[in-house]
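Novice: Numbering (full-length UniProt numbering), first residue to last: 1 to 104. Mind having a look at this structure? Questions to follow.
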């Protein structure tokens, strides 16, 4: 997303879930035209990161430095709870085996 989503957190959750579902469907049905293998960062057999072509596309440059220009930088209790739920999920039942190799 290229701008703040000025909606309540429940609505934002629905939008993000729908976007993820569409993204996953496009990856399965049109992998070469929607997201060619060379477009994403990947890791070779030696653990070296190979940067994807997305980093050179102007459409994504806005995602690299997100600056909050609306209100203060204090997040709400609702946002904190949402972040905590994602953290709990990805540190619990949603964890994948390789995630620990990426941070250690």
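Quick reminder that beta carbons are idealized off the backbone N, C-alpha and C, glycines included.
Can you name, in chain order, every residue of its own chain whose Cβ lies under 8 Å from the Cβ of residue 43, other than the five neighbours on each side?
Specialist: Hits under 8 Å: 49, 50.
Novice: Pick out whichever of 18, 88, 20, 9 has its Cα sitting closest to the Cα of residue 77.
Specialist: Of the candidates 18, 88, 20, 9, the one whose C-alpha sits nearest the C-alpha of residue 77 is 9.
Novice: So what does residue 10 bridge to, in DSSP terms?
Specialist: Its beta-bridge partners do not exist; DSSP assigns none.
Novice: Could you tell me whether the Cβ atoms of residue 25 and residue 40 are closer together than 8 Å?
Specialist: Result no, Cβ atoms of residue 25 and residue 40 do not sit closer than 8 Å.
Novice: Would you please state the rounded distance, in angstroms, between the beta carbons of residue 52 and residue 38? I believe it to be under 8 Å.
Specialist: Right, their Cβ atoms sit about 7 Å apart.
Novice: Which partner residues does residue 49 have in the DSSP bridge list?
Specialist: Answer is 43.
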